[in-house]
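The sequence shown: position 43 = 1331 (the numbering used here), numbered continuously.
Here the structure comes first, spelled out in structure tokens, and everything after it is commentary.
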Amino acid sequence: MALRKILTWPDPTLSRVCDPVGSDEDLSALIADMFDTMYDAPGRGLAAPQMGVLKRVFVMDVTWKAGPRTPIAMINPQILDRSAEAQTTPEGCLSIPGVLVDVTRPEAVTMAWTDETGALCEDRFTGFAAVCAQHELDHLDGIVTFDRLAPEARRAAEAAYGTAP
Ligand code: NI
1289 MALRKILTWP DPTLSRVCDP VGSDEDLSAL IADMFDTMYD APGRGLAAPQ
1339 MGVLKRVFVM DVTWKAGPRT PIAMINPQIL DRSAEAQTTP EGCLSIPGVL
1389 VDVTRPEAVT MAWTDETGAL CEDRFTGFAA VCAQHELDHL DGIVTFDRLA
1439 PEARRAAEAA YGTAP
């Protein structure tokens, strides 16, 4: 078990696009550290670039704060389908501590990914699980919640965070 440091915005690493994970790469140690760091934070999702690792992998567990753990690790995740219906949810981020940002996203997404055993997986996520999966996938593309806001809302959110000019 190892806890790693979580980078905070505006660390430029959080704005980088991550590299695909090769089929011969063993990420088990990285993924174990990501879960440890996420649960310790405590958070419900964590992406590799938040620990300074520019690989397309994230972990999430949207149930553990209220019940049993349901850990999911997604390597090279993709969105196969997005619902037409949208939802707006106040989103926190371990890299933007202390600030919730209202982000509008599709209410449901079908995703495909490789799990930590190398198995190909596909599932549809709704509600908060859909929010979390899309939020973490954004991190792999160098996108944080602030980037999802219109300019005025972004200025207000950055001011609340304390980084507005
Ligand atoms: Ni985040």
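C-beta atoms are modelled at their ideal positions from N, C-alpha and C, and glycine is treated no differently.
With DSSP collapsed to three states, give me the class of residue i.
{"i": "LEU1382", "result": "coil"}
{"i": "ARG1344", "result": "coil"}
{"i": "LEU1302", "result": "helix"}
{"i": "ASP1312", "result": "coil"}
{"i": "ARG1436", "result": "helix"}
{"i": "LEU1291", "result": "coil"}
{"i": "ASP1324", "result": "helix"}
{"i": "ASP1429", "result": "coil"}
{"i": "ARG1370", "result": "strand"}
{"i": "ALA1421", "result": "helix"}
{"i": "ALA1317", "result": "helix"}
{"i": "ALA1361", "result": "strand"}
Can you tell me which residues form a DSSP beta bridge with residue i?
{"i": "CYS1409", "result": "TRP1401"}
{"i": "LEU1334", "result": "VAL1347"}
{"i": "THR1377", "result": "VAL1391"}
{"i": "MET1339", "result": "DSSP, once it has assigned bridges, lists no residue as partnering MET1339."}
{"i": "ALA1396", "result": "THR1414"}
On the criterion of 16 or more Cβ atoms from any shown chain inside 10 Å, does residue i qualify as buried, or is it exposed?
{"i": "VAL1397", "result": "buried"}
{"i": "ALA1310", "result": "According to the sequence as given, residue 1310 is Gly; it is not Ala. So GLY1310 ends up on the exposed side."}
{"i": "ALA1445", "result": "buried"}
{"i": "VAL1305", "result": "exposed"}
{"i": "ALA1361", "result": "buried"}
{"i": "GLU1313", "result": "exposed"}
{"i": "ARG1412", "result": "exposed"}
{"i": "ALA1325", "result": "It should be noted that the sequence gives Thr, not Ala, for residue 1325. With 16 or more Cβ atoms within 10 Å of its Cβ, THR1325 is classed as buried."}
{"i": "ALA1418", "result": "buried"}
{"i": "GLU1440", "result": "exposed"}
Assuming residue i and residue j are in contact, meaning their beta carbons sit under 8 angstroms apart, how far apart are those beta carbons, in whole angstroms?
{"i": "ALA1335", "j": "GLU1424", "result": "5 angstroms"}
{"i": "VAL1391", "j": "THR1376", "result": "7 angstroms"}
{"i": "LEU1315", "j": "VAL1345", "result": "6 angstroms"}
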